[in-house]
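Protein chains in written order, with our numbering: chain A, 46 to 277; chain B, 46 to 277.
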DNA sequence: ACTTTTGTATGTTTTATAACATAAGTGCAC
DNA sequence: GTGCACTTATGTTATAAAACATACAAAAGT
C-alpha cells in the first residue's frame with residue numbers, strides 16, 4: 046500500500062505493486078503527486094497528448110479506447126479503481142496512443158514522471174513488479190486481438206459481458222453487472238456496430254441468457270454465456 | 046552488447062538492452078546461457094509450455110502465433126534476428142500463450158531464468174529498459190487489435206506487406222521483401238483466409254502495386270500501398 | 001409542458017468475406 | 001522421371017455483419 050496516508054483523496058489507494066518501496070521512496074512519490082477529479086463523460090487523457098505522470102484511478106470507472114479507421118472507436122481496456130491508466134505511453138516515452146474517458150465521476154492520482162523514474166531506477170523490485178504487470182497486459186491484448194478478429198458477433202458480445210462481469214463484478218443481487226454502459230460502448234468494446242450490439246443483447250435476453258432493463262444487465266445463465274463465448 | 050564473446054554462436058548478439066550491465070553481470074548471464082538450433086518449420090516453443098529462460102533469436106526468422114477459435118492461427122508477431130521471443134510468458138510467470146516456429150533455419154540463445162531475474166533485481170537500469178521495450182510491444186499489439194478488426198481485406202494485406210518490409214527489409218534490389226512466406230502465413234498475419242490472401246495479392250499485382258514471383262514479393266509502388274493501408 | 005436531442009429498437013438491403021469447389025502449378029519422395 | 005502431396009490460383013455460392021431506414025422511448029433543454 047502506497048503511503049499516501051496524508052492525502053485524504055488517495056488514502057485508500059492500495060497498490061500492491063508499491064509494496065516493495067521503502068518509506069523514503071513512498072515519501073518521494075507522495076510529495077510529488079497530485080489529485081484531480083473528472084465528471085462522467087470527461088476526457089482524462091487524449092490520444093496524442095504527452096503523459097505527465099503515472100495516473101492511478103483511485104475512484105470511478107473509465108474506458109480506454111483508440112480511434113479506428115472510420116472514426117469508429119475500439120475500447121481496448123475497461124479500467125476500474127484502483128488501477129493504473131495511461132502507463133504504456135509513459136513508459137515507452139511516446140505520446141498517448143489511446144484516450145481515457147470517465148464512465149462515472151472519477152478521482153485520479155497522478156505521480157510525477159521524474160519522481161517515479163527516480164524511484165524506479167533505485168528500486169529494481171518495483172521495476173520487476175511493473176514488468177510482470179505489463180507482461181500480463183500484453184497477454185490480454187494479444188488474446189483480444191485473436192478473439193475480436195476470429196469470434197462471431199455472439200461470441201464477441203458474450204466474451205465482453207463476461208469480461209465486464211469479471212472487471213466490475215456485480216451488485217448485491219450477484220447477477221447484475223456493476224457498470225452502466227451505453228449500447229455504443231458495449232459495441233465499441235465488442236468490435237461491432239451499435240445496431241448489432243442492441244440486436245444481439247436482445248437475442249440473449251429472449252434466450253433468457255441475460256435480462257436487460259435499460260443499461261442494467263443481469264447474467265441469468267452464466268454457463269450458457271461462457272459456452273457462447275467459447276464457441277465463438 | 047552482451048559479452049557472449051566466448052560463445053561462437055552468440056558472438057554476434059548485439060542487444061543494446063544489455064548495455065547497462067556490468068562485466069560481472071554479463072558474465073553471470075553468459076555462464077548460464079545455452080544455444081540451440083532449429084530447422085525451418087520446427088517449433089521453438091509451444092502454447093502451454095513453461096518458459097525456461099529468455100530466448101534471443103540470434104539468427105534466422107520466426108513467426109509467433111496463437112491458435113484461434115476454429116484452429117485458425119493468428120500470427121501476432123514476426124521475429125527477426127536479433128530480438129527476444131517468448132519473454133512475455135517468462136515475465137508474467139505464465140506458460141506460453143503463443144507458439145514460435147522457425148521460418149528458416151534458426152539459432153537461439155537461451156538465458157537461464159533464475160540468472161536473468163537475479164541480474165534484473167540487481168540492476169534496475171536493465172529492468173527499466175525491459176519496461177520500455179514491453180511498453181512499445183503493448184502499443185503495437187493494441188494498434189494491431191484495431192487495424193485487424195477495422196480495416197478491410199485490402200487495407201489489412203497492405204499493412205501486413207508494409208509491416209514485413211519494415212521488419213525484414215529488402216534484398217539488394219531494394220524492393221523485394223526479404224522473407225519467404227507461404228500464402229497461408231500471409232493470411233494468418235493479415236487475419237484472412239488463404240484464398241483471400243492469394244486473391245488480394247493477385248489484385249495488387251494486377252494493379253502494379255506489387256509483383257509476385259512465387260513467394261518473392263516486390264514492392265513496386267510503395268506510396269500506393271501505404272495509401273491502401275491507411276484508407277483501410 | 002413542449003420541443004429537441006440522444007439513445008434504443010427493429011426491419012430491410014447491401015456488401016464484404018468466408019466457405020466451397022475445382023484446376024493448375026510446384027516441389028518432394030521414391 | 002513419375003506419382004503424390006501440397007500450394008497456388010480462380011470461379012461460384014452462401015452468409016455474417018454492416019449500412020441504411022425508420023420508429024419509438026427517454027432525457028435534456030427551453
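We put the CB at the ideal spot given by N, CA and C, even for glycine.
| task | For residue 213 of chain A, name the three-state secondary structure that DSSP assigns. | result | Three-state result, residue 213 of chain A: helix.
| task | Check whether the Cβ of residue 190 of chain A lies closer than 8 Å to any Cβ atom in chain B. | result | For residue 190 of chain A, the answer is yes, since a Cβ of chain B falls inside 8 Å of its Cβ.
| said: Could you compute how far the alpha carbon of residue 82 of chain B sits from the alpha carbon of residue 151 of chain B? | reply: Approximately 6 Å, taken between the alpha carbons.
| message | Which of the three DSSP states is assigned to residue 75 of chain B in this structure? | response | It is helical.
| task | List the endpoints of the continuous beta strand (DSSP E) containing residue 112 of chain B. | result | Start and end: 106–112.
| query | With 8 Å set as the bound, which would you pick, yes or no: does the beta-carbon of residue 172 of chain B sit closer than that to a beta-carbon of chain A? | reply | At least one chain A Cβ lies under 8 Å of residue 172 of chain B.
| message | Buried or exposed, going by whether 16 or more other CB atoms sit within 10 Å of the CB of residue 205 of chain B? | response | Buried, because 16 or more other Cβ atoms sit within 10 Å of the Cβ of residue 205 of chain B.
| message | For a test of the three-state rule: what should DSSP assign to residue 118 of chain A, helix, strand or coil? | response | The answer is strand: DSSP assigns residue 118 of chain A an E or B state.
| query | Closer than 8 Å, CB to CB, is residue 136 of chain A near chain B or not? | reply | Yes, residue 136 of chain A counts as interfacial toward chain B.
| Reference residue 116 of chain A; option with closest CA among B:110, B:101 and B:195 | Selected option, being the one with the closest Cα: B:195.
| query | So what does DSSP say about residue 254 of chain A, is it helix, strand or coil? | reply | The answer is coil: DSSP assigns residue 254 of chain A none of H, G, I, E or B.
| Is it the case that the Cβ atoms of residue 237 of chain B and residue 201 of chain B are separated by a distance below 8 Å? | Yes, Cβ-Cβ distance for residue 237 of chain B and residue 201 of chain B is below 8 Å.
| task | Return no unless some Cβ of chain A is closer than 8 Å to the Cβ of residue 246 of chain B. | result | No - not a single Cβ of chain A is within 8 Å of the one on residue 246 of chain B.
| message | Applying the 10 Å Cβ sphere with the 16-neighbour rule, what's the burial state of residue 111 of chain B? | response | Around the C-beta of residue 111 of chain B, 16 or more other C-beta atoms lie within 10 Å, and the residue is accordingly described as buried.
| Distance between beta carbons of residue 120 of chain A and residue 230 of chain A, contact taken as under 8 Å | The pair is a contact, with the Cβ atoms about 7 Å apart (cut-off 8 Å).
| said: Applying the 10 Å Cβ sphere with the 16-neighbour rule, what's the burial state of residue 190 of chain B? | reply: Buried, since its Cβ has 16 or more Cβ neighbours within 10 Å.
| Between which two residues does the alpha helix (DSSP H) carrying residue 179 of chain A extend? | From DSSP, the alpha helix (DSSP H) with residue 179 of chain A extends over 169–195.
| query | Taking DSSP as the reference, what is the three-state secondary structure of residue 131 of chain B? | reply | Correct three-state label for residue 131 of chain B: coil.
| task | Could you tell me whether the region 134–141 of chain B touches the region 121–139 of chain A, where touching means 3 or more Cβ pairs closer than 8 Å? | result | With a cut-off of 8 Å, the region 121–139 of chain A and the region 134–141 of chain B do not count as touching, because too few Cβ pairs lie within range.
| query | Can you name the start and end residues of the beta strand (DSSP E) that residue 146 of chain B belongs to? | reply | In the DSSP assignment, residue 146 of chain B falls within the beta strand (DSSP E) that extends over 144–147.
| said: Against chain A, does residue 196 of chain B count as a neighbour if the rule is that its beta carbon must be under 8 Å from one of theirs? | reply: Output row for residue 196 of chain B: interface = yes.
| query | So, do the region 101–108 of chain A and the region 122–130 of chain A have three or more beta carbon pairs nearer to each other than 8 Å? | reply | Yes, they touch.
| task | Determine the direct distance from the alpha carbon of residue 207 of chain B to that of residue 163 of chain A, and round the result to whole angstroms. | result | For residue 163 of chain A and residue 207 of chain B, the distance between alpha carbons rounds to 38 Å.
| query | Is residue 88 of chain B buried or exposed, if buried means 16 or more other CB atoms sit within 10 Å of its CB? | reply | It is exposed - the Cβ of residue 88 of chain B has fewer than 16 other Cβ atoms within 10 Å.
| query | Is residue 256 of chain B near residue 248 of chain B, with beta carbons less than 8 Å apart? | reply | Taking 8 Å as the Cβ cut-off, residue 256 of chain B and residue 248 of chain B do not qualify as a contacting pair.
| field | residue 88 of chain A: first and last residue of the uninterrupted beta strand (DSSP E) it sits in | value | That run of the beta strand (DSSP E) goes 88–90.
| Mind pulling the chain A residues with CB within less than 8 Å of residue 168 of chain B? | Chain A residues near residue 168 of chain B: 169.
| Any idea if residue 258 of chain B is buried or exposed, counting beta-carbon neighbours within 10 angstroms, 16 or more meaning buried? | Flag for residue 258 of chain B reads exposed.
| task | Measure the beta-carbon distance from residue 65 of chain A to residue 174 of chain A and round it to whole angstroms, keeping in mind my assumption that it falls under 8 Å. | result | Contact flag correct, Cβ pair sits at about 6 Å.
| Taking the alpha helix (DSSP H) that residue 273 of chain A falls in, what are its first and last residues? | Residues 267–276.
| message | What does the alpha-carbon distance come out to for the pair residue 158 of chain A and residue 176 of chain B? | response | So the two alpha carbons sit approximately 14 Å from each other.
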